[in-house]
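A short write-up of the structure that comes next.
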Amino acid sequence: LCAKDRVGRISRRRIRRNQSRIPLISPTDLMQKTILRRTPPEHSLETPLAGDLPPLLDRLYRLRGVSRSEELSHKLQHLHKPTFKGLPEAVALLADAVEAQANVLVVGDFDADGATSSALAVMALQAMGLSSVDFLVPNRFEYGYGLTPEIVDVAAAMAPDVIVTVDNGISSVEGVRAAQEHGIAVVVTDHHLPGDELPSAEAIVNPNQPGCPFPSKNLAGVGVIFYVMNALRAELRQRGWFAQGQPEPNMANFLDLVALGTVADVVPLDHNNRILVSQGLQRIRAGVARPGIIALLDVAGRQMHRLVASDLGFAIGPRLNAAGRLDDISVGIQCLMCDSDELAREMALTLDELNRDRKAIESGMQKEAVAMLNRLQLDEENQALPWGLCLYDGNWHQGVIGILASRIKDRLHRPVIVFADAGEGEIKGSARSIAGLHIRDALDAVAARHPHLLNKFGGHAMAAGMTLSRDNFDAFQQAFDEEVKRQLQPEDLQPVLVSDGNLTPTEVNLELASLLRNAGPWGQHFPEPLFDGDFALVQQRLVGEKHLKMTLALDSQGQHLVDAIAFNIDPELWPNPSVQRVHLAYRLDVNEFRGRQSVQLMVEYLEPA
């Protein structure tokens, strides 16, 4: 559906000619995108999912794989039952610890999922009457990821009887062994993919471990620990613990944390995760969230009553992650656990400042990456870009390489790994992938073919981390590129936008925009509706230096006008007075200004039509 008229061809030729001076990884549309429309599923569309569901929304849900009306319900009673392998053992051990008032230490990860998981575990255990519980998160620059033997030495000084890992631990074979040598029992709760060897923990709860019957494999780390704490409450209730005067906690009070961690970790929003996110969003909108979450929304300029899932990912998640990237995620965890509105506000401002610092560092790294890529002469007429791209600079910030990898991946649409120095002759890499390449499996294949290259690695389908010797960088980037070429086809490197089709002029209205906004939660693998179509371009102007504000005509007479905005366009290409019509991929949104609401198109992609 991409335009192929003369204006479009001229624009593409101009892009190639000026590529040496255009920032290659600015968020502009220098790479032509293909717009594909979703096709209806094979099952019959004759029977509506629900009697009162508007036909358009019925179609949108079906296009996302919804086949039963029960999948549209977000009531907690529809959550999957806790059928995790290892859950009975974990709950028994933790219930014993609560009854004995043992010393429990929660060891988390340094991202938003790890922060919410840590906060939930500590507060839930406290709410169940455990008086001695604390958290420890390894500083990524000193100890790296997970329960390593080095962090166990730090933990041992705190004299815990039990360590509970959250959002990590499934690959901590040596760390678990070290803890047990200190006489510390270990309960692993995680959601990452396991390696060939599992740790010898007293209990492992991970939906992705071999033999686990829990049907949803997409839980975030915070979802896993939420299930564990729910099961612990049930076990303590059965033991009569709460009949002795200890108040029984309402686990729904922690759903705001579950929603935040689930969205921020970008896990697929299957039905189970949509229930968790929806329930958490309802609590936040009602103003009964944790003071730290309310404060973070406030400093980010978000209104609680209009909150949607993407606000958690784009407003709160980066501010929590910034602490782990630049300093210590502990300030983020403390913000989430804080009961004081005033103190929560102070910590939220600290996190906001760290996020500003992160943006500045990232901007500098992007400019350096641009120069590096331009030196590679990436013009498609001269030299082909590697299919699997590796970049390394000894001065890059270790905590920001993941964001840089994501930016380059989005811009060049291919798997990208960005490396930074880790000290002692090692470099650490953060990888981001595209559809069609499971990045952890690709690294596993590289390690199998070249056992000496990777010191360690782990991750998901779309993101991974690794460590290797600096001397092995050249050999690794060649091996990685070869593996990517083995697994992908040329068409996989063509960026694609998937559209839900066109909207008629009468459908572009405030009522439908409001309906779609509240019809989620939308997110990973359950995307917010995206539409495409041709429009007459009535007005166009730059706002904020690199955002294109447009007025579009929805009909041939130019009577039905609508506002649209495209963020982060290339100011060398837009505004373009010669363009009279545009083809857009867009989302319907509700713009609220000074109490007045209006429909607005949020443009994901535009080109002359």
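Residue numbering for the sequence shown follows my numbering, starting at 4 and increasing by one per position.
Just so it is clear, CB atoms sit at the ideal spot from N, CA and C, and this is done for glycine as well.
Does the distance from the C-beta atom of T192 to that of D170 stay below 9 Å? For the purposes of this step, residue 192 is identified with residue 189 of the sequence shown, where counting begins at 1. For the purposes of this step, residue 170 is identified with residue 167 of the sequence shown, where counting begins at 1. Closer than 9 Å, so yes.
Starting from the C-beta of L457, find all residues in its chain whose C-beta is less than 7 Å away, skip the five residues before and the five after it, and write them out in chain order. Locating residue 457 in the sequence shown gives position 454, counting from the first residue. These residues qualify, in order along the chain: L446, V449, A450, M469, L471.
Tell whether a beta-carbon distance below 9 Å holds between V208 and D268. The residue labelled residue 208 in the question sits at position 205 within the sequence shown. The residue labelled residue 268 in the question sits at position 265 within the sequence shown. In this structure, D268 does not lie closer than 9 Å to V208 by Cβ.
Answer yes or no: the CB of P574 versus the heavy atoms of the ligand SAM, is any distance below 8 Å? Judged by which ligands are present, the structure shown has none, so any question about the ligand SAM falls away.
Buried versus exposed call for E356 [16 or more other C-beta atoms within 10 Å across all chains shown]: On the sequence shown, position 353 is the one that residue 356 refers to. With fewer than 16 Cβ atoms within 10 Å of its Cβ, E356 is classed as exposed.
T470, DSSP secondary structure in three states: By 1-based counting over the sequence shown, the position of residue 470 is 467. Strand, per DSSP.
To test your reading of the DSSP string, which unbroken beta strand (DSSP E) runs of 3 or more residues are found completely within the segment 156-210? 165-169, 188-192, 206-208
G117 - containing alpha helix (DSSP H), residue span: Working through the sequence shown from its first residue, we reach residue 117 at position 114. Counting along the chain, the alpha helix (DSSP H) containing G117 begins and ends at 115-130.
To which residues of the same chain is V541 closer than 6 Å at the C-beta, ignoring the five residues directly before and after it? By 1-based counting over the sequence shown, the position of residue 541 is 538. For V541, where only same-chain residues beyond five positions count, the Cβ hits under 6 Å are T554, A556.
Hey, how far is the Cα of A482 from the Cα of H453? Residue 482 sits at position 479 when you count from the first residue of the sequence shown. Residue 453 sits at position 450 when you count from the first residue of the sequence shown. Going by the C-alpha atoms only, they are around 8 Å apart.
Residue environment, G391, which counts as buried when at least 16 other CB atoms sit within 10 Å: Counting from 1 along the sequence shown, the entry for residue 391 is found at position 388. Under this definition G391 is a buried residue.
What first and last residue would you give for the alpha helix (DSSP H) that runs through Q282? Here residue 282 corresponds to residue number 279 of the sequence shown, with the count starting at 1. It spans 274-288 - the alpha helix (DSSP H) in which Q282 sits, taken as one unbroken run.
Below-9 Å beta-carbon distance, R236 vs any chain B residue: In the structure shown, chain B cannot be found, because there is only a single protein chain.
Only counting the same chain, and skipping five residues up and downstream in sequence, which positions put a Cβ closer than 6 Å to that of G117? By 1-based counting over the sequence shown, the position of residue 117 is 114. The residues are G111, D170.
Can you say whether E595 is buried or exposed, counting buried as having 16 or more other CB atoms within 10 angstroms of its CB? Within the sequence shown, numbered from 1, the residue matching residue 595 stands at position 592. Classification of E595: exposed, given that the 10 Å Cβ count is below 16.
Does the distance from the CB of V101 to the CB of W244 come in under 9 Å? The residue given as residue 101 occupies position 98 in the sequence shown. The residue given as residue 244 occupies position 241 in the sequence shown. Going by C-beta atoms, V101 is nearer than 9 Å to W244.
Here's the rule I'm using: 16 or more other beta-carbon atoms within 10 Å means buried, otherwise exposed. How should P580 be labelled? Taking the first residue of the sequence shown as 1, we reach residue 580 at position 577. The residue in question, P580, is exposed, as its Cβ has fewer than 16 Cβ neighbours within 10 Å.
State the start and end residues of the unbroken alpha helix (DSSP H) segment that holds R599. Within the sequence shown, numbered from 1, the residue matching residue 599 stands at position 596. Premise fails: R599 lies in the beta strand (DSSP E), 599-611, not in any alpha helix (DSSP H).
Note down, in chain order, each residue of its chain lying with its Cβ closer than 6 Å to the Cβ of S29, except the 5 sequence neighbours on either side. The residue given as residue 29 occupies position 26 in the sequence shown. Residue placement at S29 is poorly supported in this model, since its pLDDT is 37, which falls under 50; the coordinates still yield a value, given next. Cβ neighbours of S29 beyond the five flanking positions: none.
Can you check which of these residues, N475, F479, H441, is closest to H463 by C-alpha distance? Here the question's residue 463 lines up with position 460 in the sequence shown. The candidate whose alpha carbon is nearest that of H463 is H441.
Look up E486 in the DSSP assignment and say whether it is helix, strand or coil. Indexing the sequence shown from 1 puts residue 486 at position 483. The answer is helix: DSSP assigns E486 an H, G or I state.
Using 8 Å for Cβ pairs, my map puts V501 next to R41. What's the rounded Cβ distance? Here residue 501 corresponds to residue number 498 of the sequence shown, with the count starting at 1. Here residue 41 corresponds to residue number 38 of the sequence shown, with the count starting at 1. Between R41 and V501 the Cβ distance is about 6 Å, and since that is below 8 Å, they are a contact.
Start and end residues, beta strand (DSSP E) containing V110: Indexing the sequence shown from 1 puts residue 110 at position 107. Counting along the chain, the beta strand (DSSP E) containing V110 begins and ends at 107-110.
For F422, count the other beta carbons within 10 Å of its own beta carbon; 16 or more makes it buried, fewer makes it exposed. Which is it? As a first step, residue 422 is located in the sequence shown; it is residue number 419 there, counting from the start. Label assigned to F422: buried.
Under 6 Å Cβ to Cβ from G461, same chain only, skipping five residues before and after it: list those, please. For the purposes of this step, residue 461 is taken as the residue at position 458 of the sequence shown. Only S174 meet the Cβ criterion.
Nearest neighbour of N616, chosen from Y146, R378, Y395 [CA to CA]: Because the chain here runs from 4 to 612, residue 616 falls outside it and cannot be looked at.
Restricting to Cα atoms, I'd like to know which of H274, G547, I228, K431 is closest to M254. Translated into positions along the sequence shown, residue 254 becomes position 251. Nearest option by C-alpha distance: I228.
Can you tell me which of the three DSSP states V615 falls into? Residue 615 cannot be examined here, being either before or after the span of the chain that is shown, 4 to 612.
Limits of the unbroken alpha helix (DSSP H) element including Y64: Within the sequence shown, numbered from 1, the residue matching residue 64 stands at position 61. Residues 58-66.
Inter-residue spacing [alpha-carbon to alpha-carbon] between K427 and I420: Sequence index remark: in the sequence shown, residue 427 carries index 424 (1-based). Sequence index remark: in the sequence shown, residue 420 carries index 417 (1-based). The sequence as given places Glu at residue 427; Lys does not occur at that position. Distance between the alpha carbons of E427 and I420: 20 Å.
In DSSP terms, what D424 is bridged to: Reading the sequence shown from its first residue, position 421 is the one you call residue 424. DSSP lists I430 as partners of D424.
State the CB to CB distance for the pair V659 and F138, rounded to an integer number of angstroms; the pair is presumed to be in contact (CB under 8 Å). Nothing can be reported for residue 659, as the shown portion of the chain is limited to 4 through 612.
Inter-residue Cα distance where the pair is G198 and G149: Working through the sequence shown from its first residue, we reach residue 198 at position 195. Working through the sequence shown from its first residue, we reach residue 149 at position 146. So the alpha carbons of these two residues sit roughly 14 Å apart.
How is A522 classed by DSSP in three states: helix, strand or coil? Taking the first residue of the sequence shown as position 1, residue 522 is located at position 519. If DSSP states are grouped into helix, strand and coil, A522 belongs with coil.
When you compare the CB positions of L609 and V585, do they come within less than 9 Å of one another, or not? The residue given as residue 609 occupies position 606 in the sequence shown. The residue given as residue 585 occupies position 582 in the sequence shown. Taking 9 Å as the Cβ cut-off, L609 and V585 qualify as a contacting pair.
When DSSP labels each residue in this structure, what does N324 get in the three-state scheme? Counting from 1 along the sequence shown, the entry for residue 324 is found at position 321. Looking at N324 - three-state DSSP - the assignment turns out to be helix.
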